[in-house]
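Novice: Using UniProt numbering, the first residue of the sequence shown is number 1, and each one after it goes up by one. Shown below is the structure under consideration.
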Amino acid sequence: MTATISHWVNGEVFTGTSSASAPVTNPATGTVTGQVALASVDDARAVIDAAAAAFPAWRDASLAKRTSVLFRFRELLNERKGELAEIITAEHGKVVSDALGEVSRGQEVVEFACGIPHLLKGGFTENASTKVDVYSIRQPLGPVAVISPFNFPAMVPMWFFPIAIATGNTVVLKPSEKDPSASLWLAALWKEAGLPDGVFNVLQGDKTAVDELLANPKIKSVSFVGSTPIAQYVYATGTAAGKRVQALGGAKNHAVILPDADLDLAADAMVNAGFGSAGERCMAISACVAVGPIADDLVAKIRERTVGLKIGDGTKESDMGPLVTQAHRDKVASYIDAGEADGAKVVVDGRSVGSEGAPERDPAGFWLGPTLLDNVTPEMSVYTDEIFGPVLSVLRVESYDQALELINTNPYGNGTAIFTNDGGAARRFQNEVEVGMVGINVPIPVPMAYFSFGGWKASLFGDSHAHGMDGVQFFTRQKAVTQRWLDPSHGGINLGFPQNG
Ligand code: NAD
């Protein structure tokens, strides 16, 4: 039996009118478990209309009402996040503990949004001019769109929708068609938490759905996360239609290991950040830059840890699960082929990981083991392209300056890390590196919810990062009010430009 995965509108499942659908698979077994609806333009309009109809009442809902729903949503999510983690594992493939981690990081944004009354306070100036006061308020935009990638089906949408809802907007979430079920679980949880119908809606689909969200004048802003070419397209198309757009793109994250670093700590970090979630993280480390004479020792330590990893079904206490689809698995494997052909040394070969003799790996699953490549050089495709799989490339350089130049000339700028015991070098790196999120002896520096998440260069289009105060500002428009009361001597007729006195 395969499930039908539909849209969610006005607090209930909406099947839509389109007969188009796409298969959803369990990557650990290769089984098709569901068919997700692919919206037609009419379906998309029906969802957008529902969000538009719900907006006036939600905009006017008191902050006390909004926060009571948010607190309830947080409590329900916290109690039941195990259910959501299992749904994520069943469609994405990541191990359950990792899926739970993703939900917890999303929950932090819900917790941040629970403080919205404080975050939304405007400024007030008394007597800006004689008996004239000036104040500012922040108001919601209207119906807003969130378009998310496959790799974090719960956390990435939660970077945006808790703050969008807390600030009084209504939401249309367009999840990835590869793992769409988490969105419906979250929608049902909002209903249980008491969110009025129509405030949070889910539109399943592909380019047709996205294009309608970008073109439809009722949608006031677009928060996109995905690959760079689509991020660029979404940014260009959405802004040309007059919308506020933040579009987070792909990544190629480097870690620099200086000669004075603790190599055991660095090797642990490279394995965790390179192979966690099978490398399908936008903050995964895919380029390890070994500086000076430590490279041989470092590669040996990473190798030793990598060969001990248990690859298998994410529900069976594995360290690393399968890749999301067979096609993606094959594409990642082809990069390993290309790296080898270009002269990189294959130190650990994930292509040899199959199902033979491994009961935790179903023969039909999308398996590819962690792969360690040494002597990678900047022209190789394994370095130039975002691979988005469990492939860690080691590049050898002579100096800190060469390492920095590699990173700063790379088109992407999402995350980076430096491993060192030299505070001065770390301070220099955080100052000089052209990347949005920096770790110092921390390999995956994903900021807390009250800071903002975002990369530089081809990793983000737009000037607003996700969540934190950037999120509050993105989902609100500022209005400044100038008022005068009880002043009979207003100055009479004067056609000059208003001046303060
Ligand atoms: P993707 O770009 O293929 O898809 C992202 C979203 O765009 C999905 O909802 C998809 O349905 C939609 N989409 C796909 N093709 C489209 C098209 N031609 N027109 C309109 N919409 C389209 O990305 P993905 O494979 O789902 O996710 C992996 C990518 O996301 C990686 O590049 C990764 O680095 C990136 N990512 C970035 C961040 C970040 O914070 N910068 C976070 C997570 C993932």
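Idealized CB from N, CA, C, for every residue including glycine.
Is ASP206 near the ligand NAD, going by C-beta to nearest heavy atom under 7 Å?
Specialist: yes
Novice: Rounded to whole angstroms, what is the Cα-Cα separation between PHE14 and ALA327?
Specialist: 30 Å
Novice: Whole angstroms is fine: what's the gap from VAL397's alpha carbon to ASP374's?
Specialist: 12 Å
Novice: Does at least one heavy atom of the ligand NAD sit under 7 Å from the Cβ of PHE388?
Specialist: yes
Novice: Would you decide whether ASN494 is buried or exposed? Buried here means 16 or more other CB atoms lie within 10 Å of its CB.
Specialist: exposed
Novice: For LEU119, does the three-state DSSP call read helix, strand or coil?
Specialist: helix
Novice: May I ask whether a heavy atom of the ligand NAD can be found less than 7 Å away from the beta carbon of LEU265?
Specialist: no
Novice: On the CB-based measure, 16 or more other CB atoms within 10 Å of its CB, does VAL103 come out buried or exposed?
Specialist: If you draw a 10 Å sphere on the C-beta of VAL103, you find 16 or more other C-beta atoms in it, and that means buried.
Novice: Measuring from the CB of PRO180, is there a heavy atom of the ligand NAD at a distance below 7 Å?
Specialist: no
Novice: What does DSSP give as the partner residue(s) for VAL289 in the beta ladder?
Specialist: VAL256 and LEU395
Novice: Between the Cα of ALA61 and the Cα atoms of LEU406, ALA166 and THR17, which residue gives the shortest distance?
Specialist: Answer by Cα proximity: ALA166.
Novice: Quick one: does the C-beta of LEU323 sit closer than 7 Å to a heavy atom of the ligand NAD?
Specialist: Because no heavy atom of the ligand NAD lies under 7 Å away, the Cβ of LEU323 does not count as near it: no.
Novice: In the DSSP output, what is VAL134 paired with across the bridge?
Specialist: THR125 and THR482
Novice: Let's see if you can read the secondary structure: which residues bound the alpha helix (DSSP H) around SER97?
Specialist: 96–113
Novice: Could you say which of TYR335, ALA267, LEU368 and ILE285 lies nearest to ASP313 if we only look at CA atoms?
Specialist: LEU368
Novice: Quick check: what's the CA-CA separation for GLY142 versus VAL109?
Specialist: 20 Å
Novice: Check whether the Cβ of GLY250 lies closer than 7 Å to any heavy atom of the ligand NAD, and answer yes or no.
Specialist: yes
Novice: When you compare the CB positions of ALA449 and PHE71, do they come within less than 8 Å of one another, or not?
Specialist: no
Novice: Let me know the alpha helix (DSSP H) ranges lying completely inside the stretch 153–219, each 4 residues or longer, listed in chain order.
Specialist: 155–166, 181–193 and 207–215
Novice: Tell me the residue span of the alpha helix (DSSP H) that contains ASN431.
Specialist: 423–432
Novice: In whole angstroms, what is the alpha-carbon distance linking HIS465 and LEU486?
Specialist: 43 Å
Novice: Classify ARG427: buried if its beta carbon has 16 or more other beta carbons within 10 angstroms, exposed otherwise.
Specialist: Exposed, since its Cβ has fewer than 16 Cβ neighbours within 10 Å.
Novice: Ordered along the chain, which non-local residues of its own chain (more than five positions away) have a Cβ less than 6 Å from that of ARG361?
Specialist: GLY312, SER355 and TRP367
Novice: Between which two residues does the alpha helix (DSSP H) containing SER40 stretch?
Specialist: It is not in any alpha helix (DSSP H) - SER40 carries neither H nor E in the DSSP assignment.
Novice: Hey, is PHE461 close to the ligand NAD, as in C-beta under 7 Å from one of its heavy atoms?
Specialist: no
Novice: Reducing DSSP to helix, strand and coil, say where ALA50 ends up.
Specialist: helix
Novice: Run the CB neighbour count on MET437, radius 10 Å, all protein chains shown included, and call it buried at 16 or more, exposed below.
Specialist: MET437 is buried by the Cβ-count criterion.
Novice: Would you call the CB atoms of VAL234 and VAL47 closer than 8 Å?
Specialist: For VAL234 and VAL47, no; Cβs fall outside 8 Å.
Novice: Hey, out of GLY16, LEU84 and GLY123, whose CA is closest to VAL134's CA?
Specialist: Ranking GLY16, LEU84 and GLY123 by CA distance to the CA of VAL134 puts GLY123 first.
Novice: Based on the DSSP output, what are the partners of SER223 in its beta bridges?
Specialist: VAL146 and GLN246
Novice: Let me know the secondary structure DSSP gives THR371 once reduced to three states.
Specialist: strand
Novice: Could you please give me the residues that DSSP links to LYS457 through a beta bridge?
Specialist: Per the DSSP secondary-structure output, LYS457 pairs in a beta bridge with TYR412.
Novice: For ALA284, tell me which candidate among SER40, PHE388, ALA247 and THR17 has the shortest Cα-Cα distance.
Specialist: Closest option to ALA284, Cα to Cα, is PHE388.
Novice: May I ask whether a heavy atom of the ligand NAD can be found less than 7 Å away from the beta carbon of ASN414?
Specialist: yes
Novice: Report yes if the C-beta distance between VAL324 and GLY93 is below 8 Å; otherwise report no.
Specialist: A contact, by the Cβ cut-off of 8 Å.
Novice: Got a sec: does the ligand NAD put a non-hydrogen atom nearer than 7 Å to the Cβ of SER176?
Specialist: yes
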